[in-house]
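Colleague: So the sequence shown is numbered by the working numbering: it starts at 4 and just counts up by one.
Glycine residues also receive a C-beta, built at the ideal position from the N, C-alpha and C atoms.
All of these numbers come straight from a predicted model, not from anything done at the bench.
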Amino acid sequence: MTEDAIREAYLSPLSPPKGLTTAEVERSRETHGSNLLTPPRREPWWLLFLAKFEDPVIRILIIAAVIAIAIGTLDGQFIEGVGILIAILLATILAFLNEYRANQAFNILNQYVDGVRVRVIRDGHPTTIPRKDVVVGDWIYVEQGEEIPADGEVIEAVSLLIDQSKLTGECEPVQKFNRDELLGQSGLDETYPPHCLYRSTIVDQGNGLYRVTAVGDQTEIGKLATAVATVEPGDQTPLNQQLERLSELIGVVGLSFAVTIFIALFLRGWLTQEINLNGAQTYFLAVVMITIVVALIPVWLPVVYDGLKLVNEDLEAPDWLDGGEWQSWLKAIVGGIAALGLGIGVGWGLGILPPTGGVWLPTLVGQTLLGYFMVAVTIIVVAVPEGLPMSVTLSLAYSMKRMAQNNNLVRRMHACETIGAATVICSDKTGTLTQNQMRVYEVNFPSLHSRKVADLDLATQLIGEAMAGNSTADLDEEPGKLPVVIGNATEGALLLWLHHQHMDYFNLRRGLEIKFRLSFSTQTKYMATLGHSAALKQEVMHLKGAPEVLLERCSHILTEYGRFPLNNKQPILELLYEYQARGMRTLGFAYKELPDNLILPEADGQQVPDALTWLGFVAIADPLRAEVPDAIRVCLAAGIGVKIITGDCAETAQEIARQIGLWQGDETDPYALMTGKAFRALPDEEARKAVQSLKVLARAVPLDKLRLVRLLQEAGAVVGVTGDGTNDAGALKQAKVGLAMGSGTAIAKEASDIILLDDSFQSIVNAVVWGRSLYKNIQRFILFQLTINVVALGIALLGPFIGVSLPLTVTQMLWVNLIMDTFAALALATEPPSESVLKEAPRSPTAFIITPTMVRNIVGMGLTFLVFLVGFLLYLDRDGISPYELSVFFAVFVFLQFWNLFNARCLGMSQSAFTGLLANKGFVFIALTICVGQVLIIQWGGDIFRTVPLSLRDWFLIISSTSLVLWLGELWRWRAARS
Numbered sequence: 004m005t006e007d008a009i010r011e012a013y014l015s016p017l018s019p020p021k022g023l024t025t026a027e028v029e030r031s032r033e034t035h036g037s038n039l040l041t042p043p044r045r046e047p048w049w050l051l052f053l054a055k056f057e058d059p060v061i062r063i064l065i066i067a068a069v070i071a072i073a074i075g076t077l078d079g080q081f082i083e084g085v086g087i088l089i090a091i092l093l094a095t096i097l098a099f100l101n102e103y104r105a106n107q108a109f110n111i112l113n114q115y116v117d118g119v120r121v122r123v124i125r126d127g128h129p130t131t132i133p134r135k136d137v138v139v140g141d142w143i144y145v146e147q148g149e150e151i152p153a154d155g156e157v158i159e160a161v162s163l164l165i166d167q168s169k170l171t172g173e174c175e176p177v178q179k180f181n182r183d184e185l186l187g188q189s190g191l192d193e194t195y196p197p198h199c200l201y202r203s204t205i206v207d208q209g210n211g212l213y214r215v216t217a218v219g220d221q222t223e224i225g226k227l228a229t230a231v232a233t234v235e236p237g238d239q240t241p242l243n244q245q246l247e248r249l250s251e252l253i254g255v256v257g258l259s260f261a262v263t264i265f266i267a268l269f270l271r272g273w274l275t276q277e278i279n280l281n282g283a284q285t286y287f288l289a290v291v292m293i294t295i296v297v298a299l300i301p302v303w304l305p306v307v308y309d310g311l312k313l314v315n316e317d318l319e320a321p322d323w324l325d326g327g328e329w330q331s332w333l334k335a336i337v338g339g340i341a342a343l344g345l346g347i348g349v350g351w352g353l354g355i356l357p358p359t360g361g362v363w364l365p366t367l368v369g370q371t372l373l374g375y376f377m378v379a380v381t382i383i384v385v386a387v388p389e390g391l392p393m394s395v396t397l398s399l400a401y402s403m404k405r406m407a408q409n410n411n412l413v414r415r416m417h418a419c420e421t422i423g424a425a426t427v428i429c430s431d432k433t434g435t436l437t438q439n440q441m442r443v444y445e446v447n448f449p450s451l452h453s454r455k456v457a458d459l460d461l462a463t464q465l466i467g468e469a470m471a472g473n474s475t476a477d478l479d480e481e482p483g484k485l486p487v488v489i490g491n492a493t494e495g496a497l498l499l500w501l502h503h504q505h506m507d508y509f510n511l512r513r514g515l516e517i518k519f520r521l522s523f524s525t526q527t528k529y530m531a532t533l534g535h536s537a538a539l540k541q542e543v544m545h546l547k548g549a550p551e552v553l554l555e556r557c558s559h560i561l562t563e564y565g566r567f568p569l570n571n572k573q574p575i576l577e578l579l580y581e582y583q584a585r586g587m588r589t590l591g592f593a594y595k596e597l598p599d600n601l602i603l604p605e606a607d608g609q610q611v612p613d614a615l616t617w618l619g620f621v622a623i624a625d626p627l628r629a630e631v632p633d634a635i636r637v638c639l640a641a642g643i644g645v646k647i648i649t650g651d652c653a654e655t656a657q658e659i660a661r662q663i664g665l666w667q668g669d670e671t672d673p674y675a676l677m678t679g680k681a682f683r684a685l686p687d688e689e690a691r692k693a694v695q696s697l698k699v700l701a702r703a704v705p706l707d708k709l710r711l712v713r714l715l716q717e718a719g720a721v722v723g724v725t726g727d728g729t730n731d732a733g734a735l736k737q738a739k740v741g742l743a744m745g746s747g748t749a750i751a752k753e754a755s756d757i758i759l760l761d762d763s764f765q766s767i768v769n770a771v772v773w774g775r776s777l778y779k780n781i782q783r784f785i786l787f788q789l790t791i792n793v794v795a796l797g798i799a800l801l802g803p804f805i806g807v808s809l810p811l812t813v814t815q816m817l818w819v820n821l822i823m824d825t826f827a828a829l830a831l832a833t834e835p836p837s838e839s840v841l842k843e844a845p846r847s848p849t850a851f852i853i854t855p856t857m858v859r860n861i862v863g864m865g866l867t868f869l870v871f872l873v874g875f876l877l878y879l880d881r882d883g884i885s886p887y888e889l890s891v892f893f894a895v896f897v898f899l900q901f902w903n904l905f906n907a908r909c910l911g912m913s914q915s916a917f918t919g920l921l922a923n924k925g926f927v928f929i930a931l932t933i934c935v936g937q938v939l940i941i942q943w944g945g946d947i948f949r950t951v952p953l954s955l956r957d958w959f960l961i962i963s964s965t966s967l968v969l970w971l972g973e974l975w976r977w978r979a980a981r982s
């Protein structure tokens with residue numbers, strides 16, 4: 004369908020817009036497609052899988068295993084090499100599946116963006132539909148702060164300014180007009196004509212009606228392929244930075260242990276004549292080892308630099324290491340070959356190489372050294388916590404998915420953890436503490452008491468026009484159903500009142516020929532609309548907003564007897580205060596008659612005109628959310644301060660604070676309740692003191708909120724702030740966690756970190772629980788993993804010195820690594836949130852994730868396990884250690900960690916490890932997998948795992964005796980709960 008055909012089919016300026024019918028919608032969707040953008044092409048799953056092998060340590064282990072298989076084939080000893088490859092493949096597949104599943108959870112934001120509701124006209128009446136359901140030909144209404152859902156042509160524009168920076172890169176808003184207003188003007192050939200609107204641009208001011216001409220990939224932004232909404236994972240969160248430093252530290256320790264263990268094994272082999280070489284063979288072995296060290300520089304040198312950076316943060320690795328992965332390896336391999344060539348050349352020149360045709364390195368020695376090397380590399384694999392980043396990813400993905408189900412849509416990943424550290428919540432009143440179900444409780448318009456029919460009709464029409472014309476809300480009035488408010492809840496309450504008075508708001512609105520509109524802002528506290536009035540038959544400016552702001556500018560009042568000077572405003576103010584003290588919102592109405600030849604004011608004119616005529620006011624009730632008082636009590640008990648910031652008057656705000664339990668009535672601090680005006684008057688030094696005791700800030704403007712957040716954060720507070728309006732964007736960005744209302748503007752949501760889908764304060768409390776629980780889950784994983792690290796590294800290091808060269812084989816250590824990395828991340832990172840975290844004080848955002856309690860647990864439990872296992876090894880080795888005894892040792896080692904997994908689950912809690920266990924089905928499944936897997940490995944692992952089957956009695960003794968770890972933990976937690 005051509006542009007002209009679309010205009011002719013859908014545009015009829017002579018009658019009110021009817022929009023599309025249901026049948027026309029389906030035809031349009033079939034012809035022009037849906038309003039969904041094709042997501043950017045992602046890497047196929049097999050490339051993501053191969054990326055898991057990019058870890059150079061894993062590659063070295065694979066190469067070593069292949070060499071072991073090749074050498075072992077000569078004498079039939081290749082099974083262990085095959086086992087190593089299988090273990091690596093299994094661990095890699097599980098890690099890939101976990102990460103792939105976690106990344107899928109981040110798509111939830113795209114689903115939300117496509118589900119945002121927009122206001123359209125269909126089948127002759129206003130309604131709302133998800134953005135993805137918009138079709139070509141739809142009539143869409145947009146207003147300040149909203150995002151344009153699809154490309155289209157302007158039909159009506161009232162002071163419509165559009166921010167097109169996403170398309171043009173220029174932040175200056177552009178004014179939009181309809182075609183008729185542009186007749187005779189130039190500029191229609193511009194790239195982005197002034198009569199067209201484009202998807203993803205934002206209404207900066209005003210409102211308008213437009214007709215859709217392109218959807219989905221056919222929109223300008225769709226063609227540019229830059230508008231796909233994604234979570235912003237690029238931010239390095241404080242937690243990620245901590246874990247990176249922790250991983251670097253453990254990597255340094257792991258490399259040190261690996262080198263030490265290799266040297267220890269080498270010396271033991273030399274002393275026991277396992278490695279028996281002559282002088283020439285020793286020289287050649289030294290050359291080979293130097294060659295390997297040089298060739299593996301990309302592995303060990305970055306770890307050395309990580310260690311040096313712990314001492315000197317400014318130290319940087321050499322540029323050639325950062326030249327790209329293949330370039331670094333190529334340089335290292337060339338260097339290794341050069342070292343080998345040089346060593347052989349020098350040896351040949353000095354005559355200290357083995358003779359030609361002689362044995363340069365015995366096969367048995369080569370196999371032994373290769374075994375030592377694989378043990379050392381495996382130690383690095385076990386020591387380096389690959390599961391740390393995966394545990395964070397899993398925790399974030401799990402938390403984001405479940406938080407969305409609890410009405411918290413996370414836009415930036417860092418917010419998941421940061422909200423858990425919040426110490427102050429600065430909350431709006433309307434919608435967050437109250438239900439945002441506005442209803443007119445009382446009207447006070449003196450002119451409605453007129454006894455003359457003509458005067459009463461005029462007053463009724465004028466008041467109806469003031470409510471409907473100076474408003475952008477709508478009612479969805481489907482036959483047989485109660486009307487539903489579309490748009491601003493306060494304006495919707497006015498329209499519902501008109502509906503109950505049997506007045507058609509749509510006809511009243513069309514009776515006011517609008518020429519200019521100034522949107523409501525928390526800065527000015529009013530909204531103004533200028534147009535030709537059907538009631539007064541002349542130009543008029545209608546204003547509505549804060550009653551005291553308008554009343555101050557009123558010189559006259561419209562009464563039942565006509566328009567008279569307003570000399571005494573005190574009775575009106577007292578009546579307003581009476582309603583406000585009962586927690587109601589009051590909204591004043593005034594108007595000003597204007598000459599017909601008036602020059603339209605500038606779009607940025609913010610000054611309230613003088614000599615207004617007071618029409619009256621309405622008192623609007625907004626019931627408190629039932630769950631808020633309990634949520635406030637929980638917050639205060641959790642050490643989180645709550646401050647109400649509202650544009651309402653002080654009396655209303657104070658009453659709401661009293662109802663929710665924030666205001667006790669015995670406050671003596673002069674700063675506990677302040678108005679925005681008084682707060683602005685305070686110098687910074689005094690304001691810093693004031694914000695600590697402030698509970699309610701009334702008649703606040705956005706800059707007040709921004710200043711409050713800044714001062715609190717300068718004092719060390721972690722602030723979460725709510726906002727729904729365009730002007731709240733600054734405070735939302737300033738705060739550590741910006742919480743936008745689901746009903747808020749696109750600008751507010753864009754500036755936020757979390758979107759509260761239900762606008763409720765309870766959702767903030769839920770987010771805090773999730774944030775604290777997420778942090779606890781990662782701590783549990785670290786506790787469990789580092790405890791195993793201490794034990795595994797200690798056993799591997801001490802084994803050679805107590806007569807057992809390999810207490811745990813390479814395949815056994817890889818199984819242990821699979822348990823403590825992949826399985827533990829799955830089991831502990833997805834632990835459901837616990838309300839008990841709210842009994843603790845907020846953590847410091849700069850505190851190290853490993854707490855003193857965790858250090859005591861890791862060192863105490865790790866050393867206890869290590870001492871026991873070394874003693875157990877010595878006991879088993881009293882007459883020489885057999886495969887049966889090594890199998891028992893392997894089983895005991897793993898089951899000690901198995902039972903300790905349950906203890907790690909209870910970190911920070913004094914409850915039993917079995918409490919709520921079935922609520923985490925993933926944990927139960929992983930625990931069973933480890934248990935069954937260990938039994939299967941020992942019973943049927945054979946040569947691959949160096950095990951022999953154990954009897955039923957053996958298993959009973961092993962499982963029951965090692966479970967003492969859990970029962971001692973249970974006893975400890977029981978005593979803690981009693982005390």
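So does the segment 410 to 417 actually touch the segment 752 to 759, counting three or more Cβ pairs closer than 8 Å?
Modeller: yes
Colleague: Among the residues of its own chain, which have a CB less than 7 Å from the CB of Ile713, if the five just before and after it don't count?
Modeller: The sequence shown places Arg at residue 713, rather than the Ile named in the question. Same-chain partners within the cutoff: Gln737.
Colleague: Helix, strand or coil for Phe519 per DSSP?
Modeller: strand
Colleague: Does His35 pass the burial test, meaning 16 or more other C-beta atoms within 10 Å, or should it be called exposed?
Modeller: So His35 ends up on the buried side.
Colleague: Cα separation between Phe969 and Leu51?
Modeller: A quick correction: the sequence has Leu, not Phe, at residue 969. C-alpha separation (whole angstroms): 38 Å.
Colleague: Kindly say whether Leu288, judged by its beta-carbon, lies nearer than 7 Å to any beta-carbon of chain C.
Modeller: Among the protein chains of the structure shown there is no chain C, as only one such chain exists.
Colleague: With a threshold of 16 other CB atoms inside 10 Å of the CB of Lys842, please say whether the residue is buried or exposed.
Modeller: exposed
Colleague: Would you check if there are 3 or more beta carbon pairs closer than 8 Å linking the segment 940 to 960 to the segment 812 to 822?
Modeller: Segments in contact, yes.
Colleague: Might you give, ordered along the chain, the residues of its own chain that have their beta carbon closer than 8 Å to the beta carbon of Arg556, omitting 5 neighbours on each side?
Modeller: Ala593, Val611, Pro612, Asp613, Ala614 and Leu615
Colleague: Starting from the Cα of Leu539, find the closest Cα among Tyr529, His505, Asp507 and Ile466 and give me that residue.
Modeller: It is Ile466 whose Cα lies nearest to the Cα of Leu539.
Colleague: What are the uninterrupted segments assigned as alpha helix (DSSP H) that are 4 or more residues long and contained completely in the segment 396 to 479, given in chain order?
Modeller: Within the segment 396 to 479, the complete alpha helix (DSSP H) runs of at least 4 residues fall at 417 to 421 and 456 to 472.
Colleague: Buried or exposed for Trp273, please, with buried defined as at least 16 other CB atoms from any protein chain shown within 10 angstroms of its CB.
Modeller: exposed
Colleague: Using the three-state DSSP reduction, which class does Thr616 fall into: helix, strand or coil?
Modeller: In the structure shown, Thr616 sits in a strand (DSSP, three-state: E or B).
Colleague: Compare the Cα-Cα distances from Arg125 to each of Ala54, Ala795, Ala153 and Pro20 and report the closest residue.
Modeller: Pro20
Colleague: Using a Cβ-Cβ cutoff of less than 8 Å, which residues in the same chain neighbour Thr965 once the five nearest sequence positions on both sides are dropped?
Modeller: Val895, Phe898, Leu899, Phe901 and Trp902
Colleague: Please list the terminal residues of the continuous alpha helix (DSSP H) segment that includes Met506.
Modeller: No alpha helix (DSSP H) contains Met506, which DSSP labels as neither H nor E.
Colleague: From Gly22 to Thr589, what does the alpha carbon distance come to, in whole angstroms?
Modeller: 35 Å
Colleague: Can you give me the start and stop residues for the alpha helix (DSSP H) that Thr171 sits inside?
Modeller: Ser168 to Thr171
Colleague: With a threshold of 6 Å on Cβ separation, who are the neighbours of Leu511 within its own chain once the five nearest residues in sequence on each side are excluded?
Modeller: Gly467, Glu468 and Ala471
Colleague: Pick helix, strand or coil for Phe56, following the three-state DSSP scheme.
Modeller: coil
Colleague: For Cys557, report the span of its beta strand (DSSP E) as first-last.
Modeller: Residues Cys557 to Thr562.
Colleague: In or out: Thr532 buried (at least 16 other Cβ within 10 Å) or exposed?
Modeller: It counts as buried.
Colleague: Count the other CB atoms, across all protein chains shown, that sit within 10 Å of the CB of Val891; report buried if there are 16 or more and exposed otherwise.
Modeller: buried
Colleague: So Val215 and Glu146 are in contact, right, with Cβ under 8 Å, and what is the actual spacing, rounded?
Modeller: Wrong, their Cβ atoms sit about 17 Å apart, outside the cutoff.
Colleague: Tell me the DSSP bridge mates of Thr950?
Modeller: Thr950 pairs with nothing; no bridge assigned.
Colleague: Indicate whether Ile151 and Leu200 have their beta-carbon atoms separated by less than 7 Å.
Modeller: yes
Colleague: In the DSSP assignment, the alpha helix (DSSP H) including Gly534 goes from what residue to what residue?
Modeller: First-last for Gly534: Tyr529 to Ser536, but that is the beta strand (DSSP E), not the alpha helix (DSSP H).
Colleague: What separation, rounded to the nearest whole angstrom, lies between the Cα atoms of Ile278 and Glu420?
Modeller: 53 Å
Colleague: My output table needs one value for Asp117: the three-state DSSP class, helix, strand or coil.
Modeller: Looking at Asp117 - three-state DSSP - the assignment turns out to be helix.
Colleague: Can you look up Glu159 in the DSSP assignment and give me helix, strand or coil?
Modeller: strand
Colleague: How is the alpha helix (DSSP H) around Trp142 delimited, first residue to last?
Modeller: Counting along the chain, Trp142 falls outside any alpha helix (DSSP H), though it belongs to the beta strand (DSSP E) covering Trp142 to Glu146.
Colleague: Please classify Tyr564 as buried or exposed, where buried requires at least 16 neighbouring CB atoms within 10 angstroms.
Modeller: Counting Cβ neighbours within 10 Å, Tyr564 comes out exposed, since fewer than 16 surround it.
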